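Written out below as structure tokens is the structure these notes cover.
Okay, here's the thing in structure tokens:
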């Protein structure tokens, strides 16, 4: 056996987690195939990790030859982390991941033998979903007859066919042939192909032995969830490698995905695993669930043919633990009961939110529970809201990157471009394009059809897409802009992704929807000045305690001072990780810890206060103000100060005071501080689009870029935001200019062909002068991708010179992004509404360039304004908390403050803010509950709150950045892009983003693997367990297992609920609980269960 990189150090007891006798025997099992049967809470993860450590430290396995197979990335990361705690850094060298990822690596290493292209890609949902969605639409009647009611069901059925679980009929066989052809055209395999091709590949003995050289030991978690193909892969690998599988047939609940608990029995037979020969082991102690709960949960199982017998597992906790049943009148009352029970557990029993879960049978019910909890101010998360790769920004970005990667690999881009269109256009628009393609352009690809419809009024009319002109043109300009930008040399993935996410227009922050309600910090002189003072203070800081100028925060309300301190530290990026200890409540606090005592404040220091009299009282008591020097003082909400004539005690110079009054911003000191921080860290002014660019406009005889006669070219060169040159040339007109073309020049451009062109130069001379003026600078134009750039590209071809500029940028998508409420986004309308110039100017090329430059300037100002307002959105819970101590009159709260309150409350409800630990330390109870009971809550619209809370996910921008960060520095035109796409498809996000301090609302399936002190299982009735469609015994057995999974999530208390009436049908408790009624605590139908609140 090859010696490991973690050299054979003796295993000392303190390196290992504590193991009972069953766990230790399994962890140190010999190198024959092993099956470890581990029920809920019996320590299966610990055993898996310890066996890996045993192989590395005791058996000499190189960590790189140890494979840990899991079903999620999060589980793989957890296993690796726990292994590293035992074996040290060598633990990071193991191969940990899903079986799909393992198969991907095998196929990449053996492409020829596997009969796959060496540069194959994995087709994700952005590729497969559009194909099957369209196929379902084309074959809707057939699908209906075959009980395939959605394209997702078709896709699942196809997967089961490929895995050998289901059979296929003629119509679908044709669809699958088209599907395989589509994948081949893209050099792609799908998820099922990864498995099937790897299974077939491993039939080759030589290849299998080669794989085993890199995978000498394969440890499998959740083995009961394997399908037949996955089982065959592992079985074949087990012929040459050590196979160690952990499973619990009682938790096999993914039959619809192809999982077969029967694989456990196959494994026992194929590898002769028996207790007698040491190949089969059962972990018999449950460390999670109380015995009372486990006994009831186990009673729902059908034990026929199972490896474990009833009673094989005993709970270590044989003491307290109860199961209660509550029959509610209807689903609404059931939700109310669940909400009130959770509220009681939080407030009276002081159970942390993270220790509570509410489970439901359906996603729709989870959303209803979520809304009820959010309205009641209970911080929660739902299992359906976690998948980052399901959000529109992530899907669009992935589709765009697939187009760029196909270009890089010189593969056809038509298919990925079509998928990108499907992400950016409505279903109606896509249907219109495909219909037009079938009728009018059957030999053209969809991208060509899209270009035609986007640029031709006649084509749009024929496609019945006249009303879709705005999204069509916007999508065309956006895609073309970004594809142009992707050609820029040395562009990194991170740079491109940041720009793409902005141009793809999906809001990434909650405050974007509130943008028009918010006041720009820079629009108030005092706020702007305070922001500059903060920026100067931050720039003057030196590392270490006590270095540089000091920043003091003061309020007579000590809790405000603490909250402000954390707000400033986090906004200015000086909070440590882990955070510095929070100080005790004090009237005044330094943002950076002060030295011993309070040395007198000097000229370079900065003070923020909302009570200047109180500040000087404090200063007199502490000696903080010296006689020689005075700090700069920012007075928040200083109406009283001004009414007092601005009098300053102790000889303070009025020039050293920045007074922010209600007329400068919101009436709240905390909101004013928040805005000053935005002014300090956001851009001070509009940033140039490029260091150098040329604004261009073309005047011609028609709107058809392919055939128009160009009459004039105008351009403005801009460097570092300043205009440095202008270009304006009329072009000699051809002798055969038609009367219609001449009239167009008169009507549209104000040019008379007979008198205005006497001094015009020929096109070749004008073109040469224009190219010399532009050089390699990027070209910018409004609607340029549709017209101006096409015309210029045509002229470059006709003149035989090529285009010297290195990129083009169309302003249209940015106009849509920045001014979404405008009903039109043409240049004339933008000039009137955005620039404020109501008078029309003649459509001359240079004049239009100057207008467009003004529009661009307004757009850049708007973007800078947005960044100032949105930069610290994630810190808003601190502002909400501070406002509950300020206690402003809800009737006087401004629209601006209401928006900040609402968004900050959503961040707190989702537990997603980086400030959550600060607030837990400072507040007597959870912020959502505190705010919900504060009079200030009346200032916000609850319906708007729910819409906000169930819309954009808080932290979406941060999560996308984290997802891309391992690849951000890689070049866009490199194999790192291929690595990123494989990562997105096979892995997705590392872990769910929401904070831990929230109540979990989940479906039973999604709760698998989780554990909580208290659980409410809803929908425990005879139409859910078993479901009405569960007709065969195997489906009913799985339904029993699903209920068992849900019940065993509970450690100390379990409540089972069901509605007596649902959808006008009577319901009763699930028949799976028959025979255990004496173990259940019940209550009268109209009375609450003991210890639980009433309906």
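In the numbering used here, the protein residues as written are 36 to 1130.
In this text, a Cβ means the ideal position worked out from N, Cα and C, and glycines have one as well.
Nothing here was measured: the structure is a model prediction, and the numbers come from that model.
Asked, Found
"Could you please give the first and the last residue of the uninterrupted alpha helix (DSSP H) stretch that includes residue 1189?", "Any question about residue 1189 goes unanswered here, given that the chain covers just 36 to 1130."
"Please name the residue, chosen from 124, 105 and 54, that lies closest to residue 98 on a Cα-to-Cα basis.", "124"
"Using only alpha-carbon positions, find the residue among 668, 529 and 440 that is nearest to residue 691.", "668"
"Grab the span of the beta strand (DSSP E) containing residue 845 for me, first residue to last.", "843-845"
"Using CA coordinates, which residue listed in 132, 100 and 247 is at the minimum distance from residue 29?", "Since the displayed the chain opens at 36 and closes at 1130, residue 29 lies outside it and no answer follows."
"Within the stretch 250-331, note down every full beta strand (DSSP E) run reaching 3 residues or more, in order along the chain.", "252-255, 277-282 and 315-318"
"Could you work out which residue in 985, 982 and 1019 is closest to residue 1000 when comparing CA atoms only?", "1019"
"With distance defined between alpha-carbon atoms, name the residue in 408, 734, 205 and 858 nearest to residue 881.", "734"
"Using only the alpha-carbon positions, how far apart do residue 745 and residue 543 sit?", "41 Å"
"With a cut-off of 8 Å, do at least 3 Cβ pairs link the stretch 274-286 to the stretch 327-344?", "yes"
"For the stretch 427-439 against the stretch 393-401, are there 3 or more C-beta pairs whose distance is under 8 Å?", "no"
"DSSP three-state call for residue 874: helix, strand or coil?", "coil"
"Helix or strand or just coil, what does DSSP make of residue 743?", "coil"
"Does the stretch 903-910 come into contact with the stretch 513-526, if we say contact requires no fewer than three beta-carbon pairs (one atom in each stretch) closer than 8 Å?", "no"
"For residue 642, which residues from the same chain have a beta carbon less than 6 Å from its beta carbon, with the 5 sequence-adjacent residues on both sides left out?", "587, 666 and 668"
"Tell me the DSSP bridge mates of residue 1093?", "362"
"Where does the unbroken alpha helix (DSSP H) through residue 462 begin, and where does it stop?", "462-475"
"Using DSSP with H/G/I as helix, E/B as strand and the rest coil, what is residue 43?", "Legend: pLDDT at residue 43 = 39, less than 50; position of this residue unreliable, value from coordinates given subsequently. Residue state, collapsed to three classes: coil."
"For the alpha helix (DSSP H) that contains residue 1082, what are its first and last residues?", "1068-1082"
"Does the beta-carbon distance from residue 576 to residue 161 come in below 8 Å?", "no"
"For residue 826, report the span of its alpha helix (DSSP H) as first-last.", "823-834"
"Please report the Cβ distance between residue 377 and residue 1034, rounded to the nearest whole angstrom; I am assuming they are in contact, meaning their Cβ atoms lie under 8 Å.", "6 Å"
"Using 8 Å as the threshold, is the C-beta distance between residue 380 and residue 1049 below it?", "yes"
"Mind the definition here: the stretch 70-86 touches the stretch 321-337 only if three or more C-beta pairs lie below 8 Å; say whether that holds.", "yes"
"So, residue 751 versus residue 888, is the Cβ gap smaller than 8 Å?", "yes"
"Residues bridged to residue 589 by DSSP?", "623 and 644"
"Can you look up residue 139 in the DSSP assignment and give me helix, strand or coil?", "helix"
"Quick one: give me the first and last residue of the beta strand (DSSP E) that residue 440 is part of.", "Where residue 440 is concerned, there is no enclosing beta strand (DSSP E), although the alpha helix (DSSP H) it sits in stretches over 427-443."
"Got a sec: does the ligand ADP put a non-hydrogen atom nearer than 7 Å to the Cβ of residue 196?", "By its list of ligands, the structure shown contains no ligand whatsoever, and the ligand ADP lies outside what it can speak to."
"Within 8 Å, do at least three Cβ pairs link the stretch 850-867 to the stretch 777-797?", "no"
"I need the straight-line Cα distance from residue 895 to residue 374, nearest angstrom please.", "47 Å"
"Note down the Cα distance separating residue 883 from residue 835, rounded to an integer number of angstroms.", "27 Å"
"In angstroms, rounded to a whole number, what distance separates the CA positions of residue 4 and residue 153?", "Nothing about residue 4 can be reported from this structure: the residues present for the chain run from 36 to 1130 only."
"Out of 833, 829 and 825, point me to the one whose CA is closest to residue 844's CA.", "825"
"Which same chain residues, not among the five before or five after residue 853, have their C-beta less than 8 Å away from its C-beta?", "894, 897, 898 and 901"
"Hey, is the stretch 1084-1092 in contact with the stretch 356-376, meaning 3+ C-beta pairs nearer than 8 Å?", "yes"
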